[in-house]
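*Asks:*
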Amino acid sequence: MNNGGSFKGTLQKIGPLLGLVLLVIVLTMLNPSFLSLNNIFNVFRQVSINALIAFGMTFVILTGGIDLSVGSTLALAGALTAGFMSGGIDPVLAMLLGLLAGALMGAFNGVVITKGKVAPFIATLATMTIFRGLTLVYTDGRPISDIPQNFSFEMMGQGYLFMIPFPVVTMFAAYVILYFVLKKTTFGRGVYAVGGNEEASRLSGLRVDGIKIGVYSLTGMLSALAGIILTSRLYSAQPTAGTMYELDAIAAVVLGGTSLTGGRGWIFGTLVGALIIGVLNNGLNLLNVASFYQQVVKGAVILLAVMLDRKKEA
Amino acid sequence: MTVPLVEMKDVHKSFYGVHVLQGVNFDVRPGEVHALMGENGAGKSTLMKILTGIHTNDKGTIYVKGEEITFSHPKEAEKAGIAVIHQELNIIPNLSVTENMFLGKPLTYGKWGINKQKEMRQKTVEYLQRLGIEINPDIQAGKLSVGQQQMIEIARAVSTNAEVIVMDEPTAALTEVEIETLFEVINHLKQSGTGIVYISHRMEEIFQLCDRISVLRDGGYAGTKEVGETSYEEIVKMMVGREIGQKYPPRTAEPGDVRLRVENLTDAEGLFENASFEVRRGEILGFAGLMGAGRTELMELLFGSRKKVSGEVYVDGERLRIRNPHDARKAGIGFITEDRKEEGLVLNLSVRENLALTNLNKLSDKGIMSNNREKEFVGSMIERLRVKTSGQEQKLKTLSGGNQQKIVIGKWLGIEPSVLILDEPTRGVDIGAKKEIYHIMNELTEQGVAIIMISSELPEVLGMSDRVLVLHEGSINGVFAREEADQESIMQAATGGGLTNE
Ligand SMILES: Nc1ncnc2c1ncn2[C@@H]1O[C@H](COP(=O)(O)OP(=O)(O)OP(=O)(O)O)[C@@H](O)[C@H]1O
Ligand SMILES: [Mg+2]
Numbered sequence: 001m002n003n004g005g006s007f008k009g010t011l012q013k014i015g016p017l018l019g020l021v022l023l024v025i026v027l028t029m030l031n032p033s034f035l036s037l038n039n040i041f042n043v044f045r046q047v048s049i050n051a052l053i054a055f056g057m058t059f060v061i062l063t064g065g066i067d068l069s070v071g072s073t074l075a076l077a078g079a080l081t082a083g084f085m086s087g088g089i090d091p092v093l094a095m096l097l098g099l100l101a102g103a104l105m106g107a108f109n110g111v112v113i114t115k116g117k118v119a120p121f122i123a124t125l126a127t128m129t130i131f132r133g134l135t136l137v138y139t140d141g142r143p144i145s146d147i148p149q150n151f152s153f154e155m156m157g158q159g160y161l162f163m164i165p166f167p168v169v170t171m172f173a174a175y176v177i178l179y180f181v182l183k184k185t186t187f188g189r190g191v192y193a194v195g196g197n198e199e200a201s202r203l204s205g206l207r208v209d210g211i212k213i214g215v216y217s218l219t220g221m222l223s224a225l226a227g228i229i230l231t232s233r234l235y236s237a238q239p240t241a242g243t244m245y246e247l248d249a250i251a252a253v254v255l256g257g258t259s260l261t262g263g264r265g266w267i268f269g270t271l272v273g274a275l276i277i278g279v280l281n282n283g284l285n286l287l288n289v290a291s292f293y294q295q296v297v298k299g300a301v302i303l304l305a306v307m308l309d310r311k312k313e314a
Numbered sequence: 315m316t317v318p319l320v321e322m323k324d325v326h327k328s329f330y331g332v333h334v335l336q337g338v339n340f341d342v343r344p345g346e347v348h349a350l351m352g353e354n355g356a357g358k359s360t361l362m363k364i365l366t367g368i369h370t371n372d373k374g375t376i377y378v379k380g381e382e383i384t385f386s387h388p389k390e391a392e393k394a395g396i397a398v399i400h401q402e403l404n405i406i407p408n409l410s411v412t413e414n415m416f417l418g419k420p421l422t423y424g425k426w427g428i429n430k431q432k433e434m435r436q437k438t439v440e441y442l443q444r445l446g447i448e449i450n451p452d453i454q455a456g457k458l459s460v461g462q463q464q465m466i467e468i469a470r471a472v473s474t475n476a477e478v479i480v481m482d483e484p485t486a487a488l489t490e491v492e493i494e495t496l497f498e499v500i501n502h503l504k505q506s507g508t509g510i511v512y513i514s515h516r517m518e519e520i521f522q523l524c525d526r527i528s529v530l531r532d533g534g535y536a537g538t539k540e541v542g543e544t545s546y547e548e549i550v551k552m553m554v555g556r557e558i559g560q561k562y563p564p565r566t567a568e569p570g571d572v573r574l575r576v577e578n579l580t581d582a583e584g585l586f587e588n589a590s591f592e593v594r595r596g597e598i599l600g601f602a603g604l605m606g607a608g609r610t611e612l613m614e615l616l617f618g619s620r621k622k623v624s625g626e627v628y629v630d631g632e633r634l635r636i637r638n639p640h641d642a643r644k645a646g647i648g649f650i651t652e653d654r655k656e657e658g659l660v661l662n663l664s665v666r667e668n669l670a671l672t673n674l675n676k677l678s679d680k681g682i683m684s685n686n687r688e689k690e691f692v693g694s695m696i697e698r699l700r701v702k703t704s705g706q707e708q709k710l711k712t713l714s715g716g717n718q719q720k721i722v723i724g725k726w727l728g729i730e731p732s733v734l735i736l737d738e739p740t741r742g743v744d745i746g747a748k749k750e751i752y753h754i755m756n757e758l759t760e761q762g763v764a765i766i767m768i769s770s771e772l773p774e775v776l777g778m779s780d781r782v783l784v785l786h787e788g789s790i791n792g793v794f795a796r797e798e799a800d801q802e803s804i805m806q807a808a809t810g811g812g813l814t815n816e
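Which chain is which? The protein sequence lines are E and Y, in order.
Position 224 (the first sequence) corresponds to 224 in the working numbering; numbering is contiguous.
Count along the second sequence from 1, then add 314; that gives the number in the working numbering.
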């Protein structure tokens with residue numbers, strides 16, 4: 001939203017999208033089945049979990065922060081939801097409690113960062129370990145699989161709405177809401193301002209601490225949502241779920257053109273970034289590239305994208 | 315006639331289709347100080363950025379000692395002997411003074427070798443001494459005053475042995491003493507044949523220091539005059555195209571009841587002890603004092619951005635609980651901070667977003683921004699302050715320095731404050747705009763706003779204040795009514811001289 005009307009700004013905005021389109025064209029030429037409706041839904045479904053986390057991460061990074069604890073938050077919230085359900089709590093209530101737990105974990109991050117004045121990288125590195133540990137404690141290191149059959153819960157990860165996988169519906173709903181929040185609310189304004197110049201924001205009377213706690217809570221809640229979807233899909237909560245998910249989320253944000261120094265970026269870019277990662281994963285699978293090489297390619301693409309972005313800024 | 319050190323002919327430049335410079339001529343001769351003047355946004359900084367290789371001109375030629383040249387990188391200009399001290403400081407706050415001095419060009423053993431720490435430190439001391447400045451070379455640059463940081467930049471430019479030094483508003487943040495030092499340095503450089511480009515909005519300085527004056531008007535070239543053959547009035551007319559009249563408009567508001575009462579403010583660091591003062595409705599209270607006297611810090615204490623130990627703040631008789639700037643703003647206190655880049659603006663955001671920043675509440679319903687109200691508010695503010703911008707979406711960092719300052723002011727006018735603190739409000743602002751700011755101050759006081767103005771320009775304090783309060787090393791060392799305030803008594807109080815009457 002902040003690139004002005006300049007040509008360079010426009011290029012910067014559509015750059016990631018151009019990359020995605022290019023990628024799709026190349027993959028389709030290599031393997032036409034890539035563009036089948038079935039496969040497209042497949043890609044979207046695979047992307048949805050990372051995208052949800054990355055949406056939250058966008059807010060955090062826009063304020064100049066980072067959240068490494070998202071994967072652990074996902075696991076703990078998923079385990080809690082599964083645990084509540086197997087303990088007989090109403091599934092819808094259990095899911096809401098899971099979301100609440102995620103938000104609280106995020107709020108904890110926010111409080112440590114603002115009131116405890118700990119750098120976000122360090123704070124969330126610590127809570128990444130803490131939340132993972134708590135997950136292991138809670139699950140006793142074993143998957144929770146005795147989840148009772150329930151339509152609403154099943155819907156989250158496995159359902160369809162008018163033929164569209166429900167996680168994809170959830171992702172787009174979240175996208176629309178968050179786009180609106182970032183673009184049209186005072187909170188969204190605060191997010192950009194705090195990332196752009198924290199001191200000036202504080203002196204303008206913005207509640208900087210509140211905004212920061214807000215973005216981490218939001219990210220916690222979105223991670224929990226991703227955790228519930230994942231648990232529903234597997235119908236089991238894995239204590240190691242979400243390991244290294246923070247990296248894919250950060251990669252999606254960066255690929256989308258959001259600046260790691262804060263203050264500049266947009267959520268549409270993140271959606272595109274998540275899609276690029278998803279398409280790449282899916283395409284390399286279709287092309288039967290060995291999974292070890294896939295990692296190399298993925299890393300190289302991220303590097304390339306960021307370097308191109310730098311060029312444009314210079 | 316000697317060949318000019320640099321000469322620019324028929325320079326044109328536009329940004330995204332907006333013409334910023336059109337047919338400008340400019341040259342610098344050895345051993346002269348050449349002033350470059352013009353209103354905010356006239357294109358002065360842009361012209362100098364072209365000369366120093368930061369921007370490239372669309373049309374026109376640049377000669378260095380008679381030879382045509384094009385710079386595509388600042389380093390090339392530096393090699394050609396052109397150094398620049400930018401309007402916006404280029405100091406990295408968490409590096410030491412020495413590290414800042416040698417930023418990007420450290421002295422090393424061999425090309426990629428280890429830094430020669432000792433030598434760099436010693437050189438720094440030397441350069442600073444040459445300028446007659448005492449600054450600890452090991453201290454973090456961020457701990458220094460803006461004035462001292464500016465001095466480091468000047469020392470850095472001098473250290474490159476440049477033949478042409480461009481100074482873009484170097485004195486805007488300096489104390490009287492530092493300005494004198496700077497002038498000595500400039501005269502010294504002049505004698506050794508260095509050519510100096512001097513940009514400033516302070517007329518007195520220009521006539522005191524410079525040999526020639528070139529004027530830009532709205533990106534066009536309005537002409538060059540020898541200082542001896544022109545006058546203050548003529549230059550102003552060249553700049554703004556009209557006469558501007560008296561500098562300080564007469565104060566019209568009658569002070570009423572006490573609006574702001576500050577009692578026994580004491581801070582955590584021991585700068586202030588029981589500072590008390592009051593400002594009436596419609597009154598302008600000027601804060602005088604030397605740089606470092608604690609004027610800004612006292613305002614920060616009042617505004618909640620600095621930790622206080624005790625003390626009360628009352629507005630209209632009501633005791634306020636101000637724990638942070640948010641509380642202060644909600645209570646109707648506005649604070650136009652002195653350091654616009656660090657404290658006032660979000661440079662990567664647009665004019666619109668910056669102006670809205672203090673006014674989000676009034677421009678939204680239940681947390682949702684109202685586009686129409688925002689556009690309307692921003693539009694009216696741009697008009698009221700005559701901000702020179704290509705539109706509401708222009709990024710703040712591409713606005714000229716003086717226009718950036720206007721945005722900081724606009725931010726706080728928007729909250730319709732009952733108490734407004736202005737800390738060096740006219741820094742870097744052209745004469746026309748200065749006068750507009752004074753008018754706005756008058757207007758606000760007529761509406762009953764209580765104003766506190768901090769300024770290092772004593773004539774400004776004397777010209778605009780109803781009362782003048784003098785701070786010396788954190789304590790209030792005299793309050794003068796307008797009639798009894800004069801340069802001498804204020805300076806005496808500011809330097810710690812005997813207490814004067816209330
Ligand atoms: N990078 C840029 N992109 C777009 N517009 C720019 C850019 N740099 C400068 N401008 C515009 O060019 C005009 C001239 O700016 P410049 O900074 O040269 O003014 P100035 O004469 O130095 O003013 P001041 O006295 O306020 O410092 C302004 O209207 C400014 O908005
Ligand atoms: Mg300028």
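All C-beta atoms in this analysis are idealised placements derived from N, C-alpha and C, irrespective of residue type, glycine included.
Taking 7 Å as the CB-CB cut-off, is M767 of chain Y touching chain A?
*Replies:* Given the protein chain composition of this structure (E and Y), no chain A is represented.
*Asks:* Using beta-carbon positions only, say whether F131 of chain E and T73 of chain E come within less than 7 Å of one another.
*Replies:* If you number the first sequence from 1, residue 131 of chain E lands on position 131. If you number the first sequence from 1, residue 73 of chain E lands on position 73. A contact, by the Cβ cut-off of 7 Å.
*Asks:* Which of helix, strand or coil does DSSP assign to L710 of chain Y?
*Replies:* The residue you call residue 710 of chain Y lines up with position 396 of the second sequence. In this structure, L710 of chain Y counts as helix in the three-state DSSP scheme.
*Asks:* Buried or exposed, going by whether 16 or more other CB atoms sit within 10 Å of the CB of R654 of chain Y?
*Replies:* Your numbering for residue 654 of chain Y matches position 340 in the second sequence. By the 10 Å Cβ count, R654 of chain Y comes out buried.
*Asks:* Which residues in chain E have a C-beta closer than 8 Å to the C-beta of S619 of chain Y? List them in chain order.
*Replies:* The residue labelled residue 619 of chain Y in the question sits at position 305 within the second sequence. The answer, in chain order, is R202, L203.
*Asks:* Got a sec: does ligand 2 put a non-hydrogen atom nearer than 6 Å to the Cβ of S769 of chain Y?
*Replies:* Translated into the one-based positions of the second sequence, residue 769 of chain Y becomes position 455. Not under cutoff, so the answer is no.
*Asks:* Can you pull out the residues from the segment 191–222 of chain E whose beta carbon lies closer than 8 Å to at least one beta carbon of chain Y?
*Replies:* Per Cβ criterion, the list reads Y192, A193, G196, N197, E199, A200, S201, R202, L203, S204, G205, L206, R207.
*Asks:* Cβ of N354 of chain Y within 6 Å of any heavy atom in ligand 1?
*Replies:* Working through the second sequence from its first residue, we reach residue 354 of chain Y at position 40. Yes, the Cβ of N354 of chain Y comes within 6 Å of a heavy atom of ligand 1.
*Asks:* What span of residues does the alpha helix (DSSP H) with T566 of chain Y cover, start to end?
*Replies:* Counting from one through the second sequence, the residue named residue 566 of chain Y turns up at place 252. It is not in any alpha helix (DSSP H) - T566 of chain Y carries neither H nor E in the DSSP assignment.
*Asks:* Determine the closest residue to S678 of chain Y out of E:A94, E:I89, E:G190, with distance taken between C-alpha atoms.
*Replies:* Here residue 678 of chain Y refers to the residue found at position 364 of the second sequence. Among E:A94, E:I89, E:G190, the Cα nearest to that of S678 of chain Y belongs to E:G190.
*Asks:* Which residue or residues does DSSP assign as beta-bridge partners of M351 of chain Y?
*Replies:* As a first step, residue 351 of chain Y must be located in the second sequence, where it is residue number 37. Y:V529, per the DSSP bridge assignment.
*Asks:* In the DSSP assignment, find the unbroken alpha helix (DSSP H) run with M613 of chain Y in it and report its ends.
*Replies:* Here residue 613 of chain Y corresponds to residue number 299 of the second sequence, with the count starting at 1. M613 of chain Y -> alpha helix (DSSP H) spans 609–617.
*Asks:* Can you tell me whether DSSP reads N685 of chain Y as helix, strand or coil?
*Replies:* One-based indexing of the second sequence puts residue 685 of chain Y at position 371. It is helical.
*Asks:* Can G716 of chain Y be considered in contact with ligand 1, in the sense that its beta carbon sits closer than 6 Å to one or more heavy atoms?
*Replies:* Taking the first residue of the second sequence as 1, we reach residue 716 of chain Y at position 402. It does: the Cβ of G716 of chain Y is within 6 Å (strictly closer) of some heavy atom of ligand 1.
*Asks:* Please identify, using Cβ separations under 7 Å, the residues of the segment 163–185 of chain E that lie next to chain Y, in order along the chain.
*Replies:* Answer in chain order: K184, T185.
*Asks:* With hydrogens ignored, establish whether the beta-carbon of V334 of chain Y is closer than 6 Å to any heavy atom of ligand 1.
*Replies:* Within the second sequence, numbered from 1, the residue matching residue 334 of chain Y stands at position 20. Yes - ligand 1 has a heavy atom lying nearer than 6 Å to the Cβ of V334 of chain Y.
*Asks:* Anything in the segment 55–79 of chain E with a Cβ closer than 8 Å to a Cβ of chain Y? List those residues in chain order, please.
*Replies:* Within the segment 55–79 of chain E, no residue has a Cβ that lies closer than 8 Å to any Cβ of chain Y.
*Asks:* Under 8 Å between beta-carbons, which chain E residues line up against F649 of chain Y? List them in chain order, please.
*Replies:* Indexing the second sequence from 1 puts residue 649 of chain Y at position 335. Within chain E, the residues near F649 of chain Y are L203.
*Asks:* Strictly below 9 Å CB to CB, what residues from chain E border R575 of chain Y?
*Replies:* Residue mapping note: residue 575 of chain Y aligns to position 261 of the second sequence, counting from 1. Result: empty, since nearest Cβ-Cβ is about 21 Å, beyond 9 Å.
*Asks:* Only counting runs of 4 or more residues, tell me where the alpha helix (DSSP H) segments fall wholly within the segment 430–506 of chain Y, in order along the chain.
*Replies:* Taking only runs of at least 4 residues, the alpha helix (DSSP H) segments lying wholly in the segment 430–506 of chain Y are 431–444, 460–473, 490–505.
*Asks:* Are the CB atoms of K323 of chain Y and T375 of chain Y nearer to each other than 7 Å?
*Replies:* For this step, residue 323 of chain Y is matched to residue 9 along the second sequence. For this step, residue 375 of chain Y is matched to residue 61 along the second sequence. Contact flag set, yes.
*Asks:* Return the residue from the list Y:R573, Y:G746, Y:H515 that minimises the CA-CA distance to G401 of chain Y.
*Replies:* Working through the second sequence from its first residue, we reach residue 401 of chain Y at position 87. Contrary to the premise, residue 401 of chain Y reads as Gln rather than Gly in this sequence. Answer by Cα proximity: Y:H515.
*Asks:* May I ask whether a heavy atom of ligand 1 can be found less than 6 Å away from the beta carbon of G357 of chain Y?
*Replies:* For the purposes of this step, residue 357 of chain Y is identified with residue 43 of the second sequence, where counting begins at 1. Yes.
*Asks:* Rounding to the nearest angstrom, what Cα-Cα distance links V253 of chain E and G196 of chain E in this structure?
*Replies:* Within the first sequence, numbered from 1, the residue matching residue 253 of chain E stands at position 253. Within the first sequence, numbered from 1, the residue matching residue 196 of chain E stands at position 196. Straight-line Cα distance between these residues: approximately 17 Å.
*Asks:* Output the distance between the C-alpha atoms of L503 of chain Y and E492 of chain Y, rounded to the nearest integer angstrom.
*Replies:* As a working mapping, residue 503 of chain Y is identified with position 189 in the second sequence. As a working mapping, residue 492 of chain Y is identified with position 178 in the second sequence. So the two alpha carbons sit approximately 16 Å from each other.
*Asks:* Cβ-heavy atom distance between Q708 of chain Y and ligand 2 below 6 Å?
*Replies:* By one-based count along the second sequence, residue 708 of chain Y stands at place 394. Answer for Q708 of chain Y: no, Cβ out of range of ligand 2.
*Asks:* At the 7 Å Cβ level, is R264 of chain E part of the contact set with chain Y, yes or no?
*Replies:* Against the first sequence, residue 264 of chain E aligns to sequence position 264. At least one chain Y Cβ lies under 7 Å of R264 of chain E.
*Asks:* Check the Cβ of N662 of chain Y against every Cβ in chain E and list those closer than 7 Å, keeping chain order.
*Replies:* In the second sequence, counting from the first residue as 1, residue 662 of chain Y sits at position 348. Under the 7 Å cutoff, chain E gives N2, G196, G263, R264.
*Asks:* First and last residue of the beta strand (DSSP E) that includes V92 of chain E?
*Replies:* One-based indexing of the first sequence puts residue 92 of chain E at position 92. First-last for V92 of chain E: 91–114, but that is the alpha helix (DSSP H), not the beta strand (DSSP E).
*Asks:* Strictly below 8 Å CB to CB, what residues from chain Y border R142 of chain E?
*Replies:* Counting from one through the first sequence, the residue named residue 142 of chain E turns up at place 142. Here the premise fails: no neighbours, minimum Cβ distance about 44 Å.
*Asks:* Please classify S232 of chain E as buried or exposed, where buried requires at least 16 neighbouring CB atoms within 10 angstroms.
*Replies:* Mapped onto the first sequence, residue 232 of chain E falls at position 232. By the neighbour-count rule (16 or more Cβ atoms within 10 Å), S232 of chain E is buried.
*Asks:* Name the chain Y residues whose beta carbon is nearer than 7 Å to that of F187 of chain E?
*Replies:* Along the first sequence, read from residue 1 onward, the residue named residue 187 of chain E stands at position 187. G681, listed in chain order.
*Asks:* Flag K748 of chain Y as yes when its Cβ comes closer than 6 Å to any non-hydrogen atom of ligand 1, and as no otherwise.
*Replies:* Here residue 748 of chain Y refers to the residue found at position 434 when the second sequence is read from its first residue. For ligand 1, not one heavy atom lies less than 6 Å from the Cβ of K748 of chain Y.
*Asks:* Measuring only between beta-carbons, confirm whether L612 of chain Y sits less than 7 Å from chain E.
*Replies:* Residue numbering aside, residue 612 of chain Y sits at position 298 when the second sequence is read from its first letter. Judged by the 7 Å Cβ criterion, L612 of chain Y is not in contact with chain E.
*Asks:* Could you check how far apart the C-beta atoms of M767 of chain Y and G658 of chain Y are, in whole angstroms? I think they sit under 8 Å.
*Replies:* The sequence position of residue 767 of chain Y within the second sequence is 453, counting from 1. The sequence position of residue 658 of chain Y within the second sequence is 344, counting from 1. Wrong, their Cβ atoms sit about 16 Å apart, outside the cutoff.
*Asks:* Should the segment 329–338 of chain Y be called in touch with the segment 379–390 of chain Y, which here means at least 3 C-beta pairs below 8 Å?
*Replies:* Output reads no: the segment 379–390 of chain Y does not touch the segment 329–338 of chain Y.
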